Every structure is written in structure tokens, then in C-alpha cells.
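Sequence lines, in order, name chains A and B. Heads up: the first sequence at position 62 corresponds to 62 in UniProt numbering, and the numbers run straight through without jumps. Heads up: the second sequence at position 102 corresponds to 102 in UniProt numbering, and the numbers run straight through without jumps. Notes to accompany the following structure.
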Amino acid sequence: MTEVMATTTETTVTDNTSKNDDTPTLSVIVEFTGGLEMLFSDQRRHVLSIPTTDKSGKPVTVAYLIEYLCENTMRDTRKELFILDDHLRPGILVLINDADWELEGEETYEIQNGDNILFVSTLHGG
Amino acid sequence: MDPITGKIERLKAQISETEVELQQLKAQLARLEALLSLPSPSSEAQANDQPTESSRKWTWPLEEEEYTRYGRQLILPSVGIRGQLRLKSAAILVVGAGGLGCPAAAYLAGAGVGTLGVVDGDTVELSNLHRQIAHNTARVGIKKADSLIQYCRGLNPEVRYVGYGEHLTPQNAQDVVSAYDVVLDCTDHPTSRYLISDICVLLGKPLVSASALRTDGQLIVLNNPPATQGSADGGPCYRCVFPKPPPADSVVSCGEGGILGPVVGVMGVLQALESIKLLAAGTGKENYQGPGEPLTPSLLLFSAYSPTPFRSIKMRGRRSNCFACSASSMLTLKELKTGSLDYVQFCGVTTPINILQPGERVSATDYKSILASGINRGSLLLDVREKEHFDIAKIPGAINIPFSTFQTKSRSTSNGYSAHLEWLPEDVSSDTPIYVVCRVGNDSQLVAKKLKDLGLDRHGERFIGDIKGGMKAWKLEVNQTMPFT
Ligand SMILES: [Zn+2]
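If you want it as C-alpha cells, here you go:
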């Protein structure tokens with residue numbers, strides 16, 4: 001845990017001195033299940049490097065990640081199957097390190113290096 | 001085989017099957033009657049100390065045969081004689097007698113619950129049988145609730161069975177559900193899922209909910225413990241987890257998306273397991289004391305093809321502003337019954353797509369004539385169903401460009417669409433008509449429209465349209481001798 005923190009601080013510092021070439025990143029594992037993987041090249045598991053901070057310099061949150069996924073990872077034009085009215089579409093659960101994101105602050109949760117973020121579409125069949 | 005002959009065959013099969021069942025019941029009755037008339041070994045031994053009449057009487061809490069029938073689970077610490085007696089005094093309701101309900105009800109019947117209720121308004125179809133294992137070929141056409149009970153009765157006639165050959169509705173929900181201790185949601189649509197959750201909250205019943213699609217499944221025990229509305233001690237309800245229903249267009253049924261039998265089977269079996277755990281521990285009974293440690297609600301995710309097929313997720317508790325289970329909830333039994341909650345409207349309905357002009361749509365019959373007449377020699381037929389459907393059966397000459405590929409962003413071009421036109425033969429002339437066909441005639445309209453938007457119709461020089469009603473209409477009108485999936 002301490003190691004992760006140290007790395008984050010260090011890379012943030014690098015960000016101030018260098019420019020865009022060397023944007024510090026966080027490594028996250030993003031997974032999709034329940035049919036959502038179809039929007040992401042039929043791939044359930046993605047290992048991504050995302051910026052540590054957003055445009056205004058704040059640490060990136062799950063809200064940022066959702067937008068990032070739409071812009072950079074999604075290969076399907078049907079964005080509305082993932083985002084509706086600027087929020088995650090109803091019927092999708094977000095699980096941060098195997099816990100409901102509502103236990104972690106939902107969209108405002110600040111992403112840590114190595115986090116596992118799982119998007120689950122609810123199923124209805126029986 | 002014409003429909004009447006088919007029906008006669010089915011009835012014959014059903015009659016012979018019922019006769020076998022009747023024989024089994026008679027044999028069982030004879031066995032039990034024989035047991036009564038025979039002096040038991042123990043009564044022989046005790047004959048000297050006690051009056052004969054009372055010593056013949058079986059004084060143990062379960063029936064003699066039940067010690068044999070349930071012996072293997074009785075000796076488990078998690079069940080024991082107390083747990084078995086609780087199961088025997090429990091009433092369980094299975095809503096939905098399909099892929100989840102069949103295995104769930106079978107295991108609950110086997111385990112010896114006292115009463116098993118089954119709710120389903122549908123009838124058995126041939127396409128159900130690969131996963132709805134309690135039904136069978138001879139029972140195609142009969143009510144699923146009856147068919148499932150017939151199966152369970154063969155498995156364990158000691159259980160009391162109650163069939164409801166209708167769907168659960170806001171009007172009948174209270175009458176049906178109030179007689180039970182635990183409810184299993186084995187249905188297949190958001191409308192029924194919200195309704196079942198609401199009635200379980202209102203009547204204080206724990207709810208074991210599962211669902212499945214393609215190769216994935218989900219399981220969650222809701223309203224457990226089933227505290228009153230507003231009590232923070234209660235477990236979350238379906239609305240706590242999913243306050244808003246998904247858009248109707250995003251809901252995929254097993255008929256559309258497909259389902260692997262064992263996947264939904266696993267989930268149904270797990271529902272039975274969770275119910276047995278709840279009941280054997282005494283949930284839903286007056287003497288229920290609650291578990292030693294606080295319950296953390298969890299959602300079980302099953303992905304058959306994942307390297308880690310089972311994953312358990314820690315879930316939130318009750319939502320403080322939940323529509324159904326919070327202190328501020330206005331939901332009442334009266335309100336439910338009077339129909340002021342429209343579940344169909346709440347979950348939304350998919351409106352049939354109708355974006356092409358009548359002149360841009362040809363019927364299957366007309367397309368057949370067009371092909372035969374040779375007017376549009378060299379016309380292109382795009383089949384936009386997914387590859388699996390196309391591989392099963394297709395119209396000769398059709399090119400398969402799955403609908404999903406039209407939804408893919410292109411990395412190389414700014415407008416993002418030119419990459420999808422690779423299928424268009426280079427030597428095709430600018431006025432070659434393009435026909436689009438899909439499964440039932442929705443996606444085909446969307447694709448035809450898209451192709452026009454891309455300018456492929458060359459301002460009207462080229463015809464672009466779809467086959468109305470898709471492959472379903474093609475089978476119905478043109479070629480009955482092809483499979484439709
Ligand atoms: Zn609730």
C-alpha cells in the first residue's frame with residue numbers, strides 16, 4: 001500500500017516538470033461482464049494505463065474512468081448502452097475491488113494504482 | 001406431422017406417463033399400508049414393558065420413511081433434525097417454472113420442504129427443454145406450473161404442491177405470496193422482478209433472486225433478514241440494488257441472446273441451496289434469532305467461460321431513500337393491489353422500429369419474385385444477423401455482415417464508417433440494389449437507414465431497402481423447410 005502511494009506521489013511530481021510526453025499513469029484492470037463486453041471488442045478483461053489526474057489536475061475518479069472508457073476503449077458506437085444522461089446507464093453495477101461502488105463513494109471514488117474495476121450488466125433471463 | 005396428429009401423440013404419451021405415475025403412487029400406498037399393519041422390530045422388543053397399542057405407534061418427530069429419505073442430509077450439522085423439521089414446516093414459493101425454477105423446485109422438493117408453490121402462466125415449449133429439465137417432450141403444450149409439479153411429485157410425493165397457472169400480478173400477488181415463508185424469483189423480466197421484490201418487502205419475505213443469460217448468471221439473496229419497511233436491520237431489496245430499471249431496449253431475453261442449459265441450471269440449483277440454508281437456519285419463522293454475525297449482502301457472479309467462474313461481490317445494505325423498503329416509502333399493499341403502480345410502464349416497453357418508408361420495404365414473398373424474375377440481377381443481399389444465426393441457415397447468395405460490425409467505431413477514418421464498406425464488391429455498379437435482411441425486421445431497417453445516411457443510395461440512383469419481417473417472414477412465406485433461430 002505504501003509503495004503504491006509513494007509511486008503515485010513521485011509520478012505526480014514528474015508531471016509538473018515534464019510535459020504531455022511523459023504523462024504519469026495508473027495501471028488499472030477493467031472488466032466487463034453480463035454482456036457489456038460486447039461493447040468493448042468482446043473482451044472481458046482490459047489492462048489499462050490511465051492518467052493519474054484529470055485536466056484540472058485532480059486525481060482521477062470512477063466518473064473519469066467511465067468517460068475515458070467511452071472515448072478510448074469502447075469500439076461500439078452505441079454509447080447509450082453504457083452512458084445515459086451523463087451517468088452510467090441504469091442496470092449496470094460497478095464493483096471496485098469486489099465491492100459495490102456504493103460502499104466506496106460511487107462516481108467520486110479516486111482510482112488507485114492496481115485497482116480492479118468491474119462493470120456488470122444485470123441479467124434478467126431465467 | 002399435422003398439428004392434430006401431433007397433439008394426439010402427445011396426449012397418448014402423457015396418458016401412458018400418468019399411468020406409470022399412478023402405478024408408482026399405488027405401490028407407494030401399498031408399502032405404507034403394509035408398514036402400518038406390520039409390527040415394527042422395536043415394538044417386539046418392547047412388547048413386554050408396554051401395552052401393544054402404544055408401542056406400535058411411531059413417536060419420532062419425522063415419519064419413519066422420512067428418516068430414510070432425508071438421512072443423507074439429516075446427518076449434516078447444517079441441517080440436523082431441527083433443520084429438517086424446519087424445512088418440513090416451511091412453505092416455499094417458486095415464481096417462474098423455467099430454466100431457474102425447474103432445478104430450484106426439484107432440489108427443494110427433494111429436500112423435503114412442507115409446501116412448494118409454483119407460479120407460471122406459460123405453457124411448455126419445445127425450445128424450453130434443453131434447459132427446463134423438469135418438463136419433457138410429451139408435456140409440450142401443458143402449463144409449466146402443472147408440468148413442474150408433476151415432475152416434483154414423482155421425485156417426492158410427501159411434499160404438498162400448489163400450482164398457480166397464471167402470472168404473478170399486482171392484484172394476485174398478496175394472496176399468492178402471503179402463504180409462503182421464502183420466495184424464489186425465477187422469472188425472466190424486469191417487470192416481474194420489481195413486482196416480486198415489492199411484495200416480498202410488503203409481506204416481509206426473504207427473496208432468493210437469480211438470473212441468467214448466454215453463459216453468465218447472477219444470484220443475490222434480498223430482503224434478508226426481512227425487516228419491516230424503514231428498519232435498518234433489514235437486507236436490501238431489488239430496488240435498493242437497482243433503483244432504476246434498465247432501458248427496455250437494453251434488456252435481452254434468452255430467446256434473443258441465447259442461454260446455455262447448465263448455466264441457468266447452476267443458478268437455479270444455487271437458489272435452492274440458499275433457500276435451504278435460510279430455512280434450515282430458521283429464517284422466516286417466529287423463533288428466528290438471526291445469524292451470529294451481521295449479514296453482508298453479496299452478489300454472486302457466474303461466468304462459465306471465465307478463468308475464475310465464480311465471483312462474490314460485497315453489496316450495499318438498504319438504501320435510505322429506497323422506493324420500497326425505506327422509512328419514507330409510500331408503498332403499501334393497498335396501493336399495490338389497486339394497480340397504482342404500473343410495472344410495465346415503469347420498466348418501459350420496446351417500441352417496434354419503423355424508420356423506413358413503405359417503398360423501402362419489400363415482403364419476403366416479393367423478394368422471392370424479384371429474385372426469380374431476375375430484374376435485379378446482381379443485387380446484393382446483406383444478412384445482418386450475428387454469425388451464429390447465419391451459419392445455421394441463410395438465403396442463398398446472402399452476404400453476412402453482422403449488425404454489431406455496423407456499430408463499430410473505425411480508428412482510421414474521421415467519419416468512422418468507411419471501414420464497414422469493405423464487403424461492398426469493387427466491381428459493383430452504382431445502381432446495384434442493396435437489400436438488407438435480419439432476424440425479424442428491426443436491425444435490417446437500422447442498417448438500411450445507415451447505408452442511406454452514408455450516401456450509398458447515390459441520391460436515389462440505387463435502391464436500398466429491407467425484407468419486412470426478416471428471416472422469420474422468409475420461413476413463413478417462402479421457405480418452410482428451413483430452420484429459424
Ligand atoms: Zn429497498
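We put the CB at the ideal spot given by N, CA and C, even for glycine. For clarity, every value in this text was computed on a predicted model and none was experimentally measured.
**Asked** For Thr18(B), does the three-state DSSP call read helix, strand or coil?
**Response** helix
**Prompt:** Got a sec: does ligand 1 put a non-hydrogen atom nearer than 7 Å to the Cβ of Ala324(B)?
**Reply:** yes
**Message:** To be precise: take each residue of the stretch 42-69 of chain A, compare its Cβ to all Cβ atoms of chain B, and keep it if any distance is under 8 Å. Which residues remain?
**Reply:** When CB distances to chain B are screened at a threshold of 8 Å, the residues of the stretch 42-69 of chain A falling below it are Arg44, in chain order.
**Asked** Where DSSP assigns a beta bridge to Ile117(A), which residues make up the other side?
**Response** Val30(A) and Ile96(A)
**Request:** Kindly indicate if chain A contains any beta-carbon less than 8 Å away from that of Gln46(B).
**Result:** At Gln46(B), the pLDDT of 46 sits below 50, so the modelled position is not reliable and the matter cannot be decided from this model.
**Prompt:** In chain order, which continuous runs of the beta strand (DSSP E) of length 3 or greater are located wholly inside the stretch 175-211 of chain B?
**Reply:** 182-185
**Message:** Can you confirm whether Ala419(B), when its beta carbon is compared against all beta carbons of chain A, has any partner nearer than 8 Å?
**Reply:** Summary for Ala419(B): the model assigns pLDDT 47, below 50, so the residue's position carries little reliability; its value from the coordinates is reported in the next sentence. No, Ala419(B) does not count as interfacial toward chain A.
**Request:** Would you verify that the beta carbon of Thr73(A) is, or is not, closer than 8 Å to some beta carbon of chain B?
**Result:** Taking 8 Å as the threshold, the shortest C-beta distance from Thr73(A) to chain B does not fall below it.
**Asked** CB of residue 487(B) to nearest heavy atom of ligand 1: below 7 Å?
**Response** As displayed, chain B neither begins before 1 nor continues past 485, which places residue 487(B) out of reach and without an answer.
**Request:** Report the three-state DSSP secondary structure of Tyr161(B) (helix, strand or coil).
**Result:** strand
**Request:** Could you check what DSSP says for Gln84(B) in three-state terms: helix, strand or coil?
**Result:** helix
**Prompt:** Taking buried to mean at least 16 other C-beta atoms within 10 Å of its own C-beta, is Gly397(B) buried or exposed?
**Reply:** With fewer than 16 other Cβ atoms within 10 Å, it is exposed.
**Message:** Nearer than 7 Å: is that true of the beta carbon of Pro90(A) relative to any heavy atom of ligand 1?
**Reply:** At a threshold of 7 Å, Pro90(A) does not count as near ligand 1, since its beta carbon sits no closer than that to any of the ligand's heavy atoms.
**Prompt:** At a CB-CB cut-off below 9 Å, which residues of chain A make contact with Thr187(B)?
**Reply:** Within 9 Å Cβ-Cβ: His124 and Gly126.
**Request:** Compare the C-alpha of Ile81(B) against each of Glu360(B), Arg139(B), Ser231(B) and Ala111(B) and name the closest.
**Result:** Residue Ala111(B) is the option with its Cα nearest to Ile81(B).
**Prompt:** Between Arg247(B) and chain A, is there a C-beta pair that is closer than 8 Å?
**Reply:** In the sequence on display, residue 247(B) carries Pro and not Arg. Answer yes: the Cβ-Cβ gap between Pro247(B) and chain A drops below 8 Å somewhere.
**Request:** Check the C-beta distance from Leu123(A) over to Ala304(B) and give it rounded, since I have them as a contact under 8 Å.
**Result:** About 13 Å separates the two Cβ atoms, so there is no contact after all.
**Request:** Check distances from the C-beta atoms of the stretch 90-112 of chain A to those of chain B and list, in chain order, the residues that come in under 7 Å.
**Result:** Pro90, Gly91, Leu95, Asp98, Ala99, Asp100, Glu102 and Leu103
**Option in Leu380(B), Ser369(B), Phe406(B) and Leu129(B) with minimal Cα separation from Asp427(B)** = Leu380(B)
**Boundaries (first-last residue) of the alpha helix (DSSP H) holding Leu341(B)** = Per DSSP, Leu341(B) belongs to no alpha helix (DSSP H) and is neither H nor E.
**Asked** What does a CB cutoff of less than 7 Å around Ala448(B) pick up in its chain, not counting 5 residues either side in sequence?
**Response** Leu356, Glu360, Val436, Ile464, Gly465 and Asp466
**Item:** DSSP bridge partner residues for Pro51(A) (one or two, in chain order)
**Value:** Thr25(A)
**Asked** By the criterion of Cβ-Cβ separation under 9 Å, what are the contact partners of Gly114(A) in chain B?
**Response** Within 9 Å Cβ-Cβ: nothing; Gly114(A) doesn't reach chain B, min ~17 Å.
**Message:** Which residue wins for smallest C-alpha separation from Leu382(B), given the options Thr432(B), Val344(B), Tyr343(B) and Gln345(B)?
**Reply:** Thr432(B)
**Asked** Is the closest heavy atom of ligand 1 to the C-beta of Pro236(B) under 7 Å?
**Response** yes
**Item:** Chain-ordered residues of the stretch 95-116 of chain B with a beta carbon less than 7 Å from chain A
**Value:** Gly96, Gly98, Gly99 and Leu100
**Request:** Find out if the Cβ-Cβ distance for the pair Glu422(B), Ser404(B) is shorter than 8 Å.
**Result:** no
**Message:** Is Arg318(B) a contact residue of ligand 1, with contact defined as CB to any heavy atom under 7 Å?
**Reply:** yes
**Request:** Mark Asp86(A) as exposed unless 16 or more other C-beta atoms lie within 10 angstroms of its C-beta, in which case mark it buried.
**Result:** When all chains shown are included, Asp86(A) counts as exposed.
**Request:** Please confirm whether any heavy atom of ligand 2 lies closer than 7 Å to the CB of Arg239(B).
**Result:** Among the ligands in the structure shown, ligand 2 does not appear; only ligand 1 can be found there.
**Item:** Nonlocal neighbours in the same chain, by C-beta distance under 6 Å from Leu93(A), ignoring five residues either side
**Value:** Apart from the 5 residues on each side of it in sequence, Leu93(A) sits with its Cβ closer than 6 Å to the Cβ of Val120 in its chain, given in chain order.
**Uninterrupted alpha helix (DSSP H) stretches inside the UniProt domain "Rhodanese" (375-483) of chain B (no shorter than 4 residues)** = 387-392, 403-406, 443-453 and 470-473
**Item:** Cross-chain neighbours of Leu301(B) in chain A, by beta carbon under 9 Å
**Value:** Thr33, Gly34, Leu95, Leu118 and Val120
**Request:** Give the interface partners of Asp85(A) over in chain B, defined as CB-CB distance under 7 Å, in chain order.
**Result:** What Asp85(A) touches in chain B: nothing, since even the nearest Cβ is about 11 Å away.
**Item:** Closer than 8 Å to chain A by CB, Lys409(B)
**Value:** yes
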